Amino acid sequence: MKQWERYIILCAVLLAICSLGRQLRVKPVRPVEDLCCYVPSSALEVALVQKFCEDHTLGSKLVQPLDSIPSPLDSLIGGQADLLVFREAPDSLPGGLASSIPFPNGTVWVLRKTESHALLMINRWIASLSSEQQFKRMQRDFHKGKSVNLEGISQYDSAVKRCAATLGWD
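Start counting the sequence shown at 1; every next residue gets the next number (this note's numbering).
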């Protein structure tokens, strides 16, 4: 009889845990009119921010170059920016800021610690993007044609070189 009682208690505990799990779901990031992001001047980082906004149906995006503001971390703390993108994780972050898990190329996103739900959503998105090989595809698309080993830019490279004088190219 004791084994039966343990089995019933175990079932009751599992049922309680399952019902609590449904109630403790992560709240979605609130849609904002303008998500102000400061990004290094790289097409890949800009595309990643835009893809994140697309995937999570965020409002219009204001993506600006990171070097356009004198102190990016202070602007994030002050509320002028919602998200900062760094090519490498900063050595240390002020107390009110947190960084995401790094992308495969080392890029990290930094936001306020008060936006813990957004940080959790970003980390999940980065993990899924990395596991689906989608990041490598995006990276390959943006770095296509930039190899130092390439001899020609395109299939028309030799024709362009021959007609450069006619075209006005030196």
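C-beta atoms are modelled at their ideal positions from N, C-alpha and C, and glycine is treated no differently. All of these numbers come straight from a predicted model, not from anything done at the bench.
query = Going straight from the alpha carbon of R30 to that of L10, what length do you get?
reply = Numbered from its first residue, the sequence shown carries residue 30 at position 30. Numbered from its first residue, the sequence shown carries residue 10 at position 10. In this predicted model, R30 has a pLDDT of only 48, less than 50, meaning its place in the structure is not dependable; the value taken from the coordinates is given anyway. Roughly 38 Å separates the two Cα atoms.
inquiry  = Buried or exposed for Y172, going by 16 or more other Cβ atoms inside 10 Å?
reply    = Outside the displayed range of the chain (1 to 170) lies residue 172, so it cannot be described from this structure.
message = If contact is defined by three or more beta carbon pairs under 8 Å, each pair taking one atom from either stretch, is the segment 101-108 in contact with the segment 63-81?
response = As far as the Cβ criterion goes, the segment 63-81 does not touch the segment 101-108, which means the pair count is below three.
inquiry  = Within 8 Å, do at least three Cβ pairs link the segment 91-104 to the segment 62-71?
reply    = Output reads no: the segment 91-104 does not touch the segment 62-71.
query = So the alpha helix (DSSP H) L111 belongs to, where does it begin and stop?
reply = As a first step, residue 111 is located in the sequence shown; it is residue number 111 there, counting from the start. Per DSSP, L111 lies in no alpha helix (DSSP H) segment; the continuous beta strand (DSSP E) that holds it begins and ends at V108 to R112.
ask   = Quick one: is D82 buried, meaning 16 or more other Cβ sit within 10 Å of its Cβ, or exposed?
value = Residue 82 sits at position 82 when you count from the first residue of the sequence shown. D82 is buried by the Cβ-count criterion.
inquiry  = Can you tell me whether F52 is helix, strand or coil according to DSSP?
reply    = For this step, residue 52 is matched to residue 52 along the sequence shown. DSSP places F52 in helix when its eight states are reduced to three.
query = Which whole-angstrom value is the C-beta distance of L97 and V85, which I expect to be below 8 Å?
reply = Taking the sequence shown and counting its residues from 1, one reaches residue 97 at position 97. Taking the sequence shown and counting its residues from 1, one reaches residue 85 at position 85. About 13 Å separates the CB atoms of L97 and V85; that is not less than 8 Å, and the two are not in contact.
query = Which stretch, first to last residue, makes up the alpha helix (DSSP H) that contains S68?
reply = Working through the sequence shown from its first residue, we reach residue 68 at position 68. For S68, there is no enclosing alpha helix (DSSP H), as DSSP gives it neither H nor E.
query = By Cβ distance below 8 Å, which residues in the same chain neighbour A43 in space, the five residues on each side in sequence not counted?
reply = Position 43 of the sequence shown, counted from the first residue, corresponds to residue 43. Taken in chain order, the residues that qualify are F142.
ask   = What is the DSSP secondary structure of A118, reduced to helix, strand or coil?
value = Position 118 of the sequence shown, counted from the start, is the residue given in the question as residue 118. Note: A118 maps to helix in three-state DSSP.
query = When DSSP labels each residue in this structure, what does S206 get in the three-state scheme?
reply = Residue coverage of the chain in this structure runs from 1 to 170, which leaves residue 206 outside it and unanswerable.
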